[in-house]
Amino acid sequence: MANANLNKAASQKFDEFYTQIADIEKELWYYSHHFKGVTVFCNCDDPYESHFFRYFALNFSKLGLKKLIATCYIGSAIANTQLSLFDYENEENKTTKLPHKIEITEMADENSRDLNGLDLVEYILRNRKNALTRLEGDGDFRSLECIKILKEADIIVTNPPFSLFREYIKQLIDNEKRFIIIGNLNALKYKETFSYIMDGKIWLGATYFNGGAAFFKTYAFDETKASIYEIRNGEYYVRVNGVRWYTNLDHSQRHEEIRLWKTYKGNEKDYPHYDNYDAIEVEKVKDIPLDYSGVMGVPISFMDKWNPDQFEIVGVTDRQNTSGLRTKFYTIEDIESFNDLNRCSVIKIGKKYKTLYTRLLIKHKEK
Ligand SMILES: C[S@@+](CC[C@H](N)C(=O)[O-])C[C@H]1O[C@@H](n2cnc3c(N)ncnc32)[C@H](O)[C@@H]1O
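Throughout, our numbering is defined as the position within the sequence shown, counted from one, plus 125.
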């Protein structure tokens, strides 16, 4: 059983990258008032490795947490080969490679500030109110064992596997959990994620990673993609583009107004009307016209600045036409590549069609 688990881990090693403490601290600063008396659950987090776990452990009393729980997936094992603190187990099993759970209910933050990895876990466990236990299964966030912990928790905070983002966020929404998680900006376009956005159930976090590109610590170096890695102090960091925080906790940044300066009146030529949507094209968020009361198509990076008191999101340009704003479906009679045109918003210039990247369809909020 142990070997089968380890093989599974090896095949997943490229999923393994770890969020840096500086990025976590920067984002979580905006939410400190949400954590008093709550149970935090990091459900994709090896406590020996995860800085999410470390952040909450080190700030346990400062935030006023009631409990911190972290569970580690079997796949996470590839990263960590340290010996664990399971004193009662035989040598073969005494490894951080097997899925485990840590639960903290008491913590003296001030003595632990410089601790990391095994030293931190060891320090935490000196307090008998805290416990490290083996999980029965593989630590999958979808397992009954982990869902049971999820139900007990108030706020879920982690960087989950991007490939399972749809399932991950659905589980949070279905269980009515509050959360702060990391995902790709493109996940916004998924039908399910977008419906959560339209329903006001999720939004983006307060901070950006450096220009949207996050650097994550990794142990898996892919030679064929050497340019996306950096080596710092002998450790590998991999660059992942288009990374964002997703949350349903309110934060001050989403109430900042986007400052606008340009008018539609007098600049109509800068805002062509789509050929297939009842909306105008706004190429850059900063150029959203102050005085246009109809629907406008903006790049999805608009989400970074979205203030729900200023704008309402009414749809997205996609194949499904969920917005109901599509006015035209192209056929072979229009153009040979009509399928491509039906995937997006289109501007017609003379007889030519110009296709655009996905656009969010927005409107000024009526005051
Ligand atoms: C992108 S890494 C982030 C790790 C950690 N949360 C952090 O931010 O440092 C995603 C983690 O999810 C774990 N994982 C993959 N599939 C999982 C699953 N089905 N259930 C729980 N965790 C999983 C991986 O082992 C990996 O450590």
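We put the CB at the ideal spot given by N, CA and C, even for glycine. Please read all numbers here as calculations on a predicted model, not as lab measurements.
- Asp-171 has its Cβ nearer than 7 Å to a heavy atom of ligand 1.
- Counting other Cβ atoms within 10 Å of its Cβ, Trp-386 stays below 16 and is therefore classed as exposed.
- Under DSSP, the beta-bridge partners assigned to Lys-473 are Tyr-478.
- Under the three-state reduction of DSSP output, Lys-488 falls in the strand class.
- Tyr-402 sits away from Ser-320, with the two beta carbons spaced by 8 Å or more.
- 8 Å or more divides the Cβ of Gly-162 from the Cβ of Lys-187.
- Pro-424 places its beta carbon less than 8 Å from that of Val-410.
- For Arg-179, the number of other beta carbons within 10 angstroms of its own is at least 16, and it is reported as buried.
- Contact holds between the region 271-285 and the region 159-174, because three or more Cβ pairs, one in each stretch, are under 8 Å apart.
- Per DSSP, Met-428 is not a residue of any alpha helix (DSSP H), being assigned neither H nor E.
- Assigned with DSSP and collapsed to three states, Lys-151 falls in helix.
- The residues Ile-405, in chain order, have a CB closer than 6 Å to that of His-398 in the same chain once the five nearest residues on each side in sequence are set aside.
- At the C-beta level, Thr-343 and Ile-274 stay beyond 8 Å of one another.
- Annotated three-state conformation of Asn-311 is helix, per DSSP.
- Counting along the chain, Ala-182 sits inside no beta strand (DSSP E); it lies in the alpha helix (DSSP H) bounded by residues 176-183.
- Between Ile-146 and the set Ile-472, Ala-339, Asp-465 and Asp-324, the nearest pair of CA atoms involves Ala-339.
- The bridge partners DSSP lists for Met-421 are Ile-405 and Ile-487.
- Counting along the chain, Phe-266 sits inside no alpha helix (DSSP H), nor does DSSP assign it H or E at all.
- Between Gly-308 and Arg-369, the CB-CB gap stays under 8 Å.
- Collapsing the DSSP output to three states places Leu-329 in a strand.
- Proximity to Arg-291 across Glu-270, Lys-316 and Phe-304 peaks at Lys-316, based on C-alpha coordinates.
- Per DSSP, Leu-250 is one residue of the alpha helix (DSSP H) stretching across 242-250.
- Shortest Cα-Cα distance from Ala-256 to any of Ala-312, Leu-193, Lys-295 and Phe-287 involves Leu-193.
- By the Cβ-count criterion, Asn-168 is buried, with 16 or more other Cβ atoms from all chains shown falling within 10 Å of its own Cβ.
- Residue burial annotation: Trp-154 is exposed, with fewer than 16 other C-beta atoms found within 10 angstroms of its C-beta.
- Note on Glu-247: under 16 other CB atoms within 10 angstroms of its CB, so exposed under the neighbour-count rule.
- Counting along the chain, Leu-297 sits inside the alpha helix (DSSP H) bounded by residues 290-299.
- By the 16-neighbour rule on beta-carbons within 10 angstroms, Arg-259 is exposed.
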